[in-house]
Structure formats: structure tokens, C-alpha cells
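Notes follow once the structure below has been shown.
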Amino acid sequence: MIDLDRFGWEDTQFVIDPVHWFMAARIGAHEDPKQNIWRISYGEKAGLSNEELMERQEMKFEQMLPGHPKPSEYKILNKSPYRVHQRCVEKMRVGRVLLAADAAHLCNPFGGLGLTGGIVDVGALLQCFEGMHNGVADDSILDKYCEVQRRMWHDIINPVSTANIRRLHLQDPDKALEEDEILQLVQKSETDLDLSRELQSAGNELVYDYTQYYRPAPKAGSAVLAKLETAGNTSCKMASYAGLRPPAAKGKRLAVGKGITAVPLRLAYASEPLWHRISEPAESGDAVS
Numbered sequence: 001m002i003d004l005d006r007f008g009w010e011d012t013q014f015v016i017d018p019v020h021w022f023m024a025a026r027i028g029a030h031e032d033p034k035q036n037i038w039r040i041s042y043g044e045k046a047g048l049s050n051e052e053l054m055e056r057q058e059m060k061f062e063q064m065l066p067g068h069p070k071p072s073e074y075k076i077l078n079k080s081p082y083r084v085h086q087r088c089v090e091k092m093r094v095g096r097v098l099l100a101a102d103a104a105h106l107c108n109p110f111g112g113l114g115l116t117g118g119i120v121d122v123g124a125l126l127q128c129f130e131g132m133h134n135g136v137a138d139d140s141i142l143d144k145y146c147e148v149q150r151r152m153w154h155d156i157i158n159p160v161s162t163a164n165i166r167r168l169h170l171q172d173p174d175k176a177l178e179e180d181e182i183l184q185l186v187q188k189s190e191t192d193l194d195l196s197r198e199l200q201s202a203g204n205e206l207v208y209d210y211t212q213y214y215r216p217a218p219k220a221g222s223a224v225l226a227k228l229e230t231a232g233n234t235s236c237k238m239a240s241y242a243g244l245r246p247p248a249a250k251g252k253r254l255a256v257g258k259g260i261t262a263v264p265l266r267l268a269y270a271s272e273p274l275w276h277r278i279s280e281p282a283e284s285g286d287a288v289s
């Protein structure tokens, strides 16, 4: 907890510096600015142990934060050193095992694309599962999920997040605004509402419509042929039961309405007669939800 409001800081800051580069994001607001909770993610030189990183934290805060705060001026709630990765698995689906979010791909935290990419993965899987559950998609749609979501990471998340972290420490901070087109757009968006909305909606580029791989849902009364075996062991083919009289067959008949007669049908793999709509069983290997 630390008071950074007195320096005019907004909810999120990216600080460009060849050594003390960092991001500060307010994650908990309080009426008393001194009680505000901030997440401060900063870079360190390679090769340090976790113990050395912990020991250097007070020095880093004093050098990089405005006002050069002493440890008595803030309260650390949690410290967690970690290595920044840019990684993506080769497959997000193997059989019945599916990966999403951080289990499937990682990126640095500068720009929030790790969280955004994870949310998009889950939304994509929801569309895939919904199509399978409703019978308009089979499990091949999960292969498409693997293909598309990996492409999103390679084409968007990885290059953009990589550019974000490099932007903080691989350019001259005194010349960054005049040379960096992205920073120029961000500055312009402060007074250009349309541009601001366009930048905020950029994450929509990660959203993909999996319903385009759905099959058309069968219409009521359409002909659906199934090989059936009647209770009298007479093989027949029957069109959709809706409004149609089934072919004559041995066995008991049941009147279900004017002009409509149903025959109790028994599938070779069913133990009880079926009085309702018949559909083919899922082929071996299909995912069933």
C-alpha cells in the first residue's frame, strides 16, 4: 500500500527507463490514498537468486518510484519474483485433454494480454462445447480451436506483448514519444474519443466465431433414416416419426393420435423399446458432452 495519487498518477502507468523500467497498476482503491493497493511489476538484471531479488526491492522502489519512498512510507502485501516467458504449446488438444489460458500459452504482463488471451480461450471453448452439446458440431471443432487459438497467440499476443516489454527498456526515454508511433496514438487518444474507443476495442481482434463451423440444425419433420430392429425382429427403415405412419411390421402397435400409429422399436444396442425420436449413436472416439 502506497500513496501515488499525490503525484497525479492514473490507474495504470508504464515507465520507460533502460534500467528501472516498470508498470504500476492500481488494483485496490481506498478513500485514504495511503491505503491504495498497487501492483508494481519491474525488471531486474538476469542471474539473481530469489533472495537477492528480495533484498534489492527496497533499493529499486527508492530509485524508481516518484518521491523516492523509504520502506516506512509503504507496506508490502506480497512479493513474488518470476521469470518472464513467451511460450505456447504445440498442441492445445490431445484426445480428451484440452489446454487453455496460462496452461497453453504465456506472455509478459505488460499490456494484459495474458489475462485477455485466457478469457478468449475459455469463450472459444464454450462455443465449441455448446455446438457439440446441441448436436450441430462434432469433436473436430476442438481441433479447430487448437489451430485458431495458437494462431492468435503467434500472430497477435506474442508480437504485441513482446513489443510492449521492449518498448519500456530498449529505447531512449527522452525520445520515445517522438519516435514511438504507439505512444503517439496513446497520447492522441487522451483528447480523441473515437481513437480512444478504437484502441480499447483492439482486443476484439482475438475473438473468433466458432459457430461458423456448426452444421445446420435439423428441422422438425425432416427425413431422418435409421436402421432399426423391431420388437418382432423385423428390420425396417423409418423416416422421421413426426406425422408419418411407420411401415407395417410384426409386433405390438400403439395408437398415439388420429391417423398416427407407432411401433415399439428396439435398437440392436438398446435394452428397452424406444417410443421417441431415434438418432444414430456417436461413432467410436467422438466426444460426448
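Residues in the sequence shown are numbered from 1 upward in steps of one, following full-length UniProt numbering.
A virtual CB, placed ideally from N, CA and C, is assigned to each residue, including glycine.
As the structure is a prediction and not an experimental result, all values here were calculated from the model.
Report the partner residues of residue i according to the DSSP bridge assignment.
i   : result
F14 : M23
R87 : L106
I37 : G28
Closer than 9 Å, CB to CB, is residue i near chain C or not?
i    : result
G135 : In the displayed structure, chain C is absent; only one protein chain is listed.
Does the Cβ of residue i have 16 or more other Cβ atoms within 10 Å, making it buried, or fewer, making it exposed?
i           : result
L105        : Rather than Leu, the amino acid found at residue 105 in this sequence is His. Buried, by the Cβ-count rule.
N108        : buried
R6          : exposed
S161        : buried
A137        : buried
residue 337 : Because the chain is modelled from 1 through 289, residue 337 falls outside the range shown and cannot be assessed.
N78         : exposed
I40         : buried
A124        : buried
N158        : buried
A242        : With a pLDDT of 36 at A242, under the threshold of 50, the predicted position of this residue should be treated as unreliable, though the coordinate-derived value follows. A242 comes out exposed.
L193        : exposed
I141        : buried
L113        : buried
Q127        : buried
Q149        : buried
L48         : exposed
For residue i, which of helix, strand or coil comes out of DSSP?
i    : result
C107 : coil
G28  : strand
V122 : helix
I2   : coil
Y210 : helix
Y42  : strand
Q171 : coil
V136 : coil
I157 : helix
L195 : helix
R96  : coil
G114 : helix
Y145 : helix
G203 : helix
G47  : coil
N164 : helix
S189 : helix
From residue i to residue j, what does the alpha carbon distance come to, in whole angstroms?
i    : j    : result
Y210 : D139 : 12 Å
C88  : D121 : 13 Å
Q35  : I2   : 6 Å
V94  : Q86  : 22 Å
P216 : G135 : 10 Å
K175 : V19  : 16 Å
Y74  : H68  : 11 Å
M54  : P81  : 8 Å
M59  : R96  : 49 Å
Looking at residue i and the ligand MN, is the gap between the Cβ and the nearest heavy atom below 8 Å?
i    : result
A100 : Although the ligand MN was asked about, the structure shown includes no ligands whatsoever.
Taking a contact to mean a Cβ-Cβ separation below 9 Å, would you say residue i touches residue j in this structure?
i    : j    : result
W38  : A46  : no
L206 : T116 : yes
C146 : M92  : yes
P173 : D17  : yes
E179 : Q171 : yes
W153 : P66  : no
G43  : F61  : no
N164 : F110 : yes
F14  : R151 : no
Y208 : G131 : no
L183 : L195 : no
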